[in-house]
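Step one of this worksheet: look at the structure below.
Protein chains: 2
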Amino acid sequence: MAPNRPTIKDVAALAGVSKSLVSLAMRGSDRVSAESRAAIIEAATQLGYRPNAAARSLADRRSHTLGVVVLDLLNPIYAEIIDGVQGEVRQHGYHTMLVTGNDNPVIEQGEVEKLLEFQVEGLVLIGHRMPAGSLDAIAGDCPAVVISRAERGIAGLDSISNDDVFGARIAVDHLVSLGHQSIAHVTGGINEVAMLRTLGYEQSMANHRLADQTACYDGAFTDEGGYRGAAAALDSGRGHTALFVANDIAAVGALAAVADRGLDVPADISIVGYDGMALAGLRSLSITTIAQPLARIGTEGASLLFLRIGDPTRPPAHIGVEPRLIIRNSSGPCRP
Amino acid sequence: MAPNRPTIKDVAALAGVSKSLVSLAMRGSDRVSAESRAAIIEAATQLGYRPNAAARSLADRRSHTLGVVVLDLLNPIYAEIIDGVQGEVRQHGYHTMLVTGNDNPVIEQGEVEKLLEFQVEGLVLIGHRMPAGSLDAIAGDCPAVVISRAERGIAGLDSISNDDVFGARIAVDHLVSLGHQSIAHVTGGINEVAMLRTLGYEQSMANHRLADQTACYDGAFTDEGGYRGAAAALDSGRGHTALFVANDIAAVGALAAVADRGLDVPADISIVGYDGMALAGLRSLSITTIAQPLARIGTEGASLLFLRIGDPTRPPAHIGVEPRLIIRNSSGPCRP
DNA sequence: CGAAAGTGTTGGAACGTTCCAACAAATCGT
DNA sequence: ACGATTTGTTGGAACGTTCCAACACTTTCG
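So the protein lines, in turn, are chains A and B.
Counting in UniProt numbering, the first sequence runs without a single skipped number right up to 336 at its last residue.
Counting in UniProt numbering, the second sequence runs without a single skipped number right up to 336 at its last residue.
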């Protein structure tokens with residue numbers, strides 16, 4: 001390890017020019033003569049010079065960095081969204097600081113605070129758990145975008161999400177079109193997204209004049225939760241022939257509950273999940289699902305943020321993306 | 001958005017003290033009188049003061065930040081490792097910059113370069129794809145640790161990984177103890193980890209005097225690859241009764257190949273995977289696997305890095321962690 | 001041919017912190 | 001009662017960059 005990292009000054013000395021000129025050359029200005037440029041590059045590579053981002057960000061008061069806060073890395077759908085975000089960010093020549101909230105509002109707040117200290121120029125919140133108040137405060141301080149939840153009317157805050165109510169409706173529509181009537185719903189617990197999906201389920205059931213068949217069973221956005229909810233549905237004695245499960249991970253659990261009871265999917269029970277995580281498509285799962293365009297949500301979310309960075313006063317925008325049905329092997333016709 | 005972020009100077013002016021004192025107070029020094037401290041805190045909260053990390057890192061020449069480079073966020077095992085790393089890093093009061101290499105060596109290099117510009121104090125490389133040369137160069141520049149690959153004898157570079165050869169051996173041992181003899185191996189492609197697992201497979205087969213039964217089929221660390229390799233094994237006509245698949249994701253694919261041929265797991269074919277990703281334990285997959293202690297690998301890798309940051313000249317260390325067999329429903333006795 | 005308009009280049013002042021030597025005031029020990 | 005210590009506090013010099021006004025030299029052109 002060198003005793004001291006070389007600075008722009010060392011490069012200037014070695015190349016026999018002023019530090020200002022080195023600064024210009026490093027940033028590729030065209031006002032530098034060919035010879036100077038050559039000498040500078042030569043000196044820089046010889047010394048192993050690397051610009052100091054902290055100094056740079058202090059001097060020009062721009063960090064060229066965005067903060068990304070993700071609820072929880074373990075849910076694979078977030079990884080897919082992040083990939084989208086990162087791609088867009090790279091295109092704009094920005095850099096990313098990615099942190100997780102570990103599904104814990106306190107940690108999440110702390111991490112956001114840290115990011116702001118690093119002078120990030122914008123914040124991407126993927127599936128946050130923050131109270132409206134703090135969200136308000138953050139958006140007042142720094143351009144921000146919320147991904148996968150709809151936030152409306154908060155100044156300085158954009159959002160992008162799929163329409164969960166609509167998605168849940170087409171899930172039920174699909175099952176109805178296969179002839180199912182006794183369609184149960186395994187919920188995703190107490191959170192905004194889960195509730196919207198439940199709402200869509202109820203709406204669609206009512207639309208098809210199946211309101212009296214409506215049946216919700218408590219679940220969660222986990223394997224365990226899906227198993228539990230599905231088990232309750234199957235053991236209810238109400239003769240459900242199909243399950244709409246709140247998300248794909250839970251649908252995997254539901255699959256197991258069905259198998260445990262010696263029943264077959266889709267011959268005896270049809271299952272539809274939600275999210276469109278890559279995993280649900282794996283051959284041995286092959287779960288019919290309502291897919292969100294995850295990568296696109298990431299890229300469009302990021303570009304929404306860049307728009308706001310460009311004009312911080314623009315009115316808050318919300319983008320709704322359409323989820324779409326992907327039919328796989330977990331759903332089939334209702335046996336008469 | 002405030003026209004200008006308040007600085008330490010503004011706080012000092014409002015509190016009626018010097019900026020030096022504010023600096024001391026903000027860092028919780030005990031050489032500040034109670035009254036001054038109160039006045040400073042009052043002023044800081046009133047102004048909404050937030051320290052500028054760039055300035056701080058410039059002034060005291062420490063960024064309190066670590067860089068984490070992960071091969072690819074989409075493989076869930078990395079997410080589990082990262083969780084471990086983040087926990088440890090938080091404990092030390094450090095911050096994390098997480099970037100992905102998108103499974104692309106060029107991007108990976110670029111991201112590492114960026115992290116070094118940010119003056120990260122250490123680098124965690126999770127499953128990198130870099131040539132030995134660049135690794136060497138990086139380690140010479142900045143303390144670093146490699147996770148999930150064994151690197152030995154590179155100055156300034158520690159590593160932690162599970163013993164893939166040993167793990168593969170116990171996978172085969174398990175199958176042999178169930179009475180299997182014709183045990184095929186679906187490989188993980190051309191990379192160090194995959195080759196070590198293949199080596200362990202061959203060793204164990206030889207130990208059990210089954211060298212003549214050895215059969216490797218080309219696969220990859222993906223669903224697709226596992227399906228392909230397993231299909232080749234099953235269609236080979238060699239009557240394999242068990243498959244040792246290079247990792248869990250590929251094992252999921254293998255499961256499908258078996259099902260497609262109308263065979264049953266584990267009645268007709270036993271399958272053992274590798275990695276111990278949470279997903280493999282989901283009820284409807286329930287894959288027997290060789291589990292790595294993923295979170296522990298993360299935390300211990302991080303603490304290895306902190307040791308090196310504390311003493312950059314210590315000799316390179318490698319920690320080997322033991323993988324362990326988790327028996328689930330994808331493996332069973334060989335039918336006579 | 002002399003003023004105007006480029007072309008390269010430069011030193012110094014920011015940027016917002018931390019560190020350090022210096023100091024004033026209060027407390028101490030003898 | 002007086003130097004020595006302790007307790008708070010301070011201004012200024014770093015840290016490594018970017019920006020700006022100013023420069024010395026061409027070149028252009030009316």
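Beta carbons are placed, not taken as given, at the ideal position from N, Cα and C, and that holds for glycine.
- Phe-244 (chain A) carries a strand assignment under DSSP once its states are collapsed to helix, strand and coil.
- Put simply, of A:Leu-305, A:Ala-242, A:Thr-288 the residue whose alpha carbon is nearest the alpha carbon of Ile-269 (chain A) is A:Ala-242.
- Looking at the backbone, the Cα of Gly-188 (chain A) and that of Leu-199 (chain B) are separated by about 44 Å.
- In terms of Cα proximity to Arg-90 (chain A), the closest of B:Gly-84, B:Gly-101, B:His-92 is B:Gly-101.
- Between the alpha carbons of Pro-316 (chain A) and Val-124 (chain A) lies a gap of roughly 15 Å.
- Of the residues assessed, Ile-126 (chain A) falls on the buried side of the cut-off, its CB having 16 or more other CB atoms within 10 angstroms.
- Of B:Asp-136, B:Ala-43, B:Asp-158, B:Arg-5, the smallest CA-CA separation from Phe-306 (chain B) is found for B:Asp-158.
- A direct Cα-Cα distance of roughly 40 Å separates Pro-6 (chain A) from Pro-76 (chain B).
- A residue is called buried once 16 or more other Cβ atoms fall within 10 Å of its Cβ, and Ser-204 (chain A) is buried on that count.
- Taking each of A:Arg-56, A:Arg-50, A:Gly-16, A:Ala-53 in turn and checking the Cα distance to Arg-37 (chain A), the smallest one comes out for A:Gly-16.
- In this structure His-64 (chain B) touches Gly-93 (chain B) by the C-beta definition: roughly 7 Å separates them, less than 8 Å.
- With a threshold of 16 other beta carbon atoms within 10 Å, Ser-57 (chain A) meets it and is buried.
- Using a CB distance below 7 Å, the part of the stretch 221–241 of chain A facing chain B consists of Asp-223, Tyr-227, ordered along the chain.
- When the beta-carbon positions are compared, Val-321 (chain A) and Arg-283 (chain A) stay at least 8 Å from each other.
- Of A:Glu-117, A:Val-32, A:Arg-149, A:Asp-163, the smallest CA-CA separation from Asp-141 (chain A) is found for A:Glu-117.
- Put simply, of B:Gly-253, B:Val-106, B:His-180 the residue whose alpha carbon is nearest the alpha carbon of Ala-267 (chain B) is B:His-180.
- In terms of Cβ geometry, Val-186 (chain B) and Ala-280 (chain B) do not form a close pair [threshold 8 Å].
- For the pair Thr-299 (chain B) and Gly-84 (chain B), the CB atoms are nearer than the 8 Å cut-off.
- In the structure shown, the three-state DSSP call for Ala-144 (chain A) is strand.
- For Ser-36 (chain A), the enclosing alpha helix (DSSP H) stretches over residues 34–47.
- The beta-carbon of Pro-51 (chain A) is placed less than 8 Å from the nearest beta-carbon of chain B.
- When Cβ-Cβ separations below 8 Å define contact, Ser-148 (chain B) makes no contact with chain A.
- Just so you know, the alpha carbons of Ser-182 (chain A) and Asn-329 (chain A) end up roughly 19 Å apart.
- In the pairwise beta carbon analysis, the stretch 223–234 of chain B is classified as touching the stretch 243–263 of chain B: at least three pairs are separated by under 8 Å.
- Straight across, the Cα-Cα distance linking Leu-74 (chain B) with Ala-220 (chain B) is about 15 Å.
- Interface flag for Ala-259 (chain A) against chain B is set, since a Cβ pair is found closer than 8 Å.
- In the displayed model, Tyr-274 (chain B) falls within a strand according to three-state DSSP.
- The beta carbon of Val-272 (chain A) is closer than 6 Å to those of Ala-171, Phe-244, Thr-288, Ser-331 in its chain, skipping five residues each way along the sequence.
- Following the DSSP letters along the chain, one finds Thr-7 (chain A) in no alpha helix (DSSP H), marked with neither H nor E.
- At a C-beta separation below 7 Å, Thr-96 (chain A) has these neighbours in chain B: Val-99.
- Residue state for Gly-332 (chain A) is assigned as coil, using DSSP reduced to three classes.
- Around Ala-267 (chain A), no beta-carbon contact reaches into chain B at under 8 Å, the shortest distance being about 15 Å.
- Listed along chain A is no residue with a C-beta nearer than 8 Å to that of Val-17 (chain B); the closest approach is about 22 Å.
- For the pair Asn-52 (chain B) and Ala-43 (chain A), the Cα-to-Cα distance works out to about 32 Å.
- For Asp-158 (chain B), the enclosing beta strand (DSSP E) begins and ends at 157–162.
- Note on the stretch 65–143 of chain A: whole beta strand (DSSP E) runs with a minimum of 3 residues are 65–70, 95–100, 122–126, in chain order.
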